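Its first residue numbered 11, the sequence shown is counted upward by one per residue in the working numbering. The beta-carbon is built from N, C-alpha and C at its ideal position, and this holds for glycine as well. All values reported here derive from a predicted model rather than from experimental measurement. Here is the structure we will look at, set down as C-alpha coordinates.
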Amino acid sequence: CAVLDDASRKILAGREDTRISGEKSILLVKEVLDNYGYIRRIREIITDRGSEFYATLKKGQLLKGQSDFEKYLEKEGIKHILCRYKHPQTNGKIEKWFDTYERHRKRFKTFEEFVKWYNEVRVHESLDLETPERVFWLKLQEHIFEKAVKLFGW
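Here is the structure:
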(Lines of atoms letter the chains of each structure in order from A; the text may use other names.)
(Lines give C-alpha, C1' and ligand atoms only; values in the text may rest on other atoms or scores of the structure.)
Protein backbone atom coordinates (compact mmCIF):
# COMPACT_ATOMS: atom_id res chain seq x y z
CA CYS A 11 0.00 0.00 0.00
CA ALA A 12 1.31 3.46 -0.80
CA VAL A 13 0.33 7.12 -0.77
CA LEU A 14 1.53 8.85 -3.94
CA ASP A 15 1.61 12.61 -4.53
CA ASP A 16 -0.35 13.23 -7.73
CA ALA A 17 1.76 16.11 -9.06
CA SER A 18 5.23 14.66 -8.44
CA ARG A 19 4.59 10.90 -8.19
CA LYS A 20 6.63 10.92 -4.96
CA ILE A 21 5.73 8.11 -2.57
CA LEU A 22 4.89 9.96 0.64
CA ALA A 23 4.24 6.84 2.72
CA GLY A 24 4.01 3.14 2.09
CA ARG A 25 4.54 -0.33 3.41
CA GLU A 26 4.58 -3.90 2.28
CA ASP A 27 1.81 -5.98 3.76
CA THR A 28 0.13 -9.21 2.80
CA ARG A 29 -3.25 -7.87 3.87
CA ILE A 30 -4.19 -4.23 3.80
CA SER A 31 -7.01 -2.88 5.96
CA GLY A 32 -8.81 0.37 6.58
CA GLU A 33 -6.87 0.77 9.82
CA LYS A 34 -3.51 0.34 8.05
CA SER A 35 -4.60 2.76 5.33
CA ILE A 36 -5.53 5.34 7.96
CA LEU A 37 -2.07 4.92 9.53
CA LEU A 38 -0.46 5.69 6.15
CA VAL A 39 -2.53 8.86 5.74
CA LYS A 40 -1.63 9.87 9.31
CA GLU A 41 2.04 9.32 8.46
CA VAL A 42 1.72 11.66 5.47
CA LEU A 43 -0.05 14.29 7.58
CA ASP A 44 2.61 14.01 10.30
CA ASN A 45 5.49 14.28 7.83
CA TYR A 46 4.10 16.80 5.32
CA GLY A 47 0.88 18.27 6.72
CA TYR A 48 2.65 21.27 8.23
CA ILE A 49 3.88 22.35 4.80
CA ARG A 50 0.91 21.36 2.67
CA ARG A 51 -2.35 19.66 3.57
CA ILE A 52 -3.83 16.80 1.60
CA ARG A 53 -6.90 18.13 -0.21
CA GLU A 54 -8.12 14.88 -1.72
CA ILE A 55 -7.33 11.19 -1.98
CA ILE A 56 -8.22 8.93 -4.89
CA THR A 57 -8.77 5.25 -4.09
CA ASP A 58 -10.32 2.22 -5.67
CA ARG A 59 -13.47 0.73 -4.17
CA GLY A 60 -11.65 -1.81 -2.02
CA SER A 61 -13.32 -2.66 1.28
CA GLU A 62 -10.44 -1.02 3.17
CA PHE A 63 -11.45 2.34 1.65
CA TYR A 64 -15.14 2.13 0.87
CA ALA A 65 -18.23 0.80 2.62
CA THR A 66 -20.67 -0.73 0.17
CA LEU A 67 -24.42 -0.86 0.43
CA LYS A 68 -25.32 -4.21 1.99
CA LYS A 69 -28.47 -6.19 1.29
CA GLY A 70 -31.39 -4.78 3.24
CA GLN A 71 -29.76 -1.40 3.86
CA LEU A 72 -31.36 1.73 2.51
CA LEU A 73 -28.28 3.90 2.90
CA LYS A 74 -24.62 3.20 2.30
CA GLY A 75 -22.55 3.15 5.45
CA GLN A 76 -19.16 4.78 5.90
CA SER A 77 -15.92 2.88 6.28
CA ASP A 78 -13.52 3.89 9.05
CA PHE A 79 -11.24 5.22 6.29
CA GLU A 80 -14.03 7.42 4.90
CA LYS A 81 -14.87 8.69 8.39
CA TYR A 82 -11.21 9.51 9.04
CA LEU A 83 -10.86 11.46 5.78
CA GLU A 84 -14.05 13.38 6.55
CA LYS A 85 -12.75 14.23 10.04
CA GLU A 86 -9.49 15.51 8.51
CA GLY A 87 -11.31 17.53 5.83
CA ILE A 88 -9.91 15.41 2.99
CA LYS A 89 -12.15 14.80 -0.01
CA HIS A 90 -12.41 11.11 -0.94
CA ILE A 91 -12.57 10.48 -4.69
CA LEU A 92 -13.48 6.97 -5.81
CA CYS A 93 -12.23 5.42 -9.03
CA ARG A 94 -14.83 4.42 -11.52
CA TYR A 95 -15.91 0.83 -11.04
CA LYS A 96 -13.69 -1.62 -12.98
CA HIS A 97 -11.72 1.28 -14.48
CA PRO A 98 -8.13 1.24 -13.12
CA GLN A 99 -7.10 4.02 -15.52
CA THR A 100 -8.89 6.46 -13.18
CA ASN A 101 -6.11 5.78 -10.70
CA GLY A 102 -3.40 5.34 -13.31
CA LYS A 103 -0.47 6.91 -11.45
CA ILE A 104 -0.63 4.54 -8.49
CA GLU A 105 -1.36 1.62 -10.83
CA LYS A 106 1.83 2.53 -12.74
CA TRP A 107 3.70 2.66 -9.42
CA PHE A 108 2.50 -0.84 -8.52
CA ASP A 109 3.70 -2.05 -11.93
CA THR A 110 7.13 -0.49 -11.29
CA TYR A 111 7.13 -2.07 -7.83
CA GLU A 112 6.42 -5.53 -9.26
CA ARG A 113 9.15 -5.17 -11.91
CA HIS A 114 11.92 -3.76 -9.71
CA ARG A 115 11.27 -4.65 -6.05
CA LYS A 116 13.47 -7.77 -6.05
CA ARG A 117 16.54 -5.63 -6.81
CA PHE A 118 16.39 -4.10 -3.33
CA LYS A 119 16.87 -5.59 0.14
CA THR A 120 14.08 -3.57 1.72
CA PHE A 121 10.91 -1.78 0.74
CA GLU A 122 12.45 1.46 2.02
CA GLU A 123 15.44 1.05 -0.32
CA PHE A 124 13.07 0.53 -3.23
CA VAL A 125 11.06 3.67 -2.35
CA LYS A 126 14.27 5.69 -1.99
CA TRP A 127 15.36 4.54 -5.47
CA TYR A 128 11.91 5.29 -6.91
CA ASN A 129 11.72 8.75 -5.33
CA GLU A 130 15.33 9.93 -5.56
CA VAL A 131 17.14 8.06 -8.35
CA ARG A 132 14.71 6.87 -11.02
CA VAL A 133 13.86 9.67 -13.44
CA HIS A 134 10.40 9.77 -15.00
CA GLU A 135 9.60 10.68 -18.58
CA SER A 136 6.33 12.22 -17.43
CA LEU A 137 8.34 14.53 -15.14
CA ASP A 138 10.68 15.72 -17.91
CA LEU A 139 13.36 13.26 -16.75
CA GLU A 140 13.33 14.52 -13.17
CA THR A 141 12.91 12.45 -10.02
CA PRO A 142 9.71 12.57 -7.97
CA GLU A 143 11.70 13.94 -5.02
CA ARG A 144 12.99 16.93 -6.99
CA VAL A 145 9.63 17.68 -8.59
CA PHE A 146 7.87 17.44 -5.21
CA TRP A 147 10.08 20.15 -3.70
CA LEU A 148 10.01 22.33 -6.85
CA LYS A 149 6.21 22.25 -6.88
CA LEU A 150 6.14 22.99 -3.16
CA GLN A 151 8.31 26.08 -3.73
CA GLU A 152 5.88 27.23 -6.43
CA HIS A 153 2.96 26.69 -4.04
CA ILE A 154 4.66 28.66 -1.25
CA PHE A 155 5.52 31.51 -3.63
CA GLU A 156 1.90 31.67 -4.90
CA LYS A 157 0.64 31.79 -1.29
CA ALA A 158 3.11 34.59 -0.46
CA VAL A 159 2.01 36.60 -3.51
CA LYS A 160 -1.63 36.32 -2.41
CA LEU A 161 -0.83 37.04 1.23
CA PHE A 162 1.38 40.07 0.63
CA GLY A 163 -0.25 41.30 -2.58
CA TRP A 164 2.93 41.33 -4.64
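Cross-strand partners of residue i (DSSP beta bridge)
i           : result
residue 158 : DSSP lists no partner for residue 158.
residue 134 : 140
residue 125 : Its beta-bridge partners do not exist; DSSP assigns none.
residue 14  : 21
Closest Cα partner of residue i within the set the options
i           : options          : result
residue 122 : 58, 25, 17, 36   : 25
residue 11  : 94, 92, 108      : 108
residue 110 : 61, 128, 99      : 128
residue 142 : 131, 152, 120    : 131
residue 151 : 41, 49, 84, 162  : 49
residue 19  : 147, 35, 34, 119 : 147
residue 13  : 66, 78, 104      : 104
residue 178 : 164, 66, 156, 78 : This structure cannot settle anything about residue 178, because the visible part of the chain is limited to 11 through 164.
residue 34  : 116, 62, 145     : 62
residue 36  : 21, 86, 46       : 86
residue 43  : 15, 95, 116      : 15
residue 60  : 149, 96, 41, 84  : 96
residue 22  : 82, 153, 75, 126 : 126
Helix, strand or coil at residue i according to DSSP, with G and I counted as helix
i           : result
residue 153 : helix
residue 89  : strand
residue 97  : coil
residue 1   : This structure cannot speak to residue 1, because the chain is shown only from 11 to 164.
residue 75  : coil
residue 103 : helix
residue 110 : helix
residue 119 : coil
> Quick check: the stretch 130-143 against the stretch 25-32, are there 3 or more CB pairs under 8 Å?
Replying inline: no
>> Quick check on the DSSP output: what are the complete alpha helix (DSSP H) runs of length 4 or more inside the stretch 19-61, in order along the chain?
In response: 32-46
> Do the stretch 37-56 and the stretch 78-92 touch if we need at least three Cβ pairs shorter than 8 Å?
Replying inline: yes
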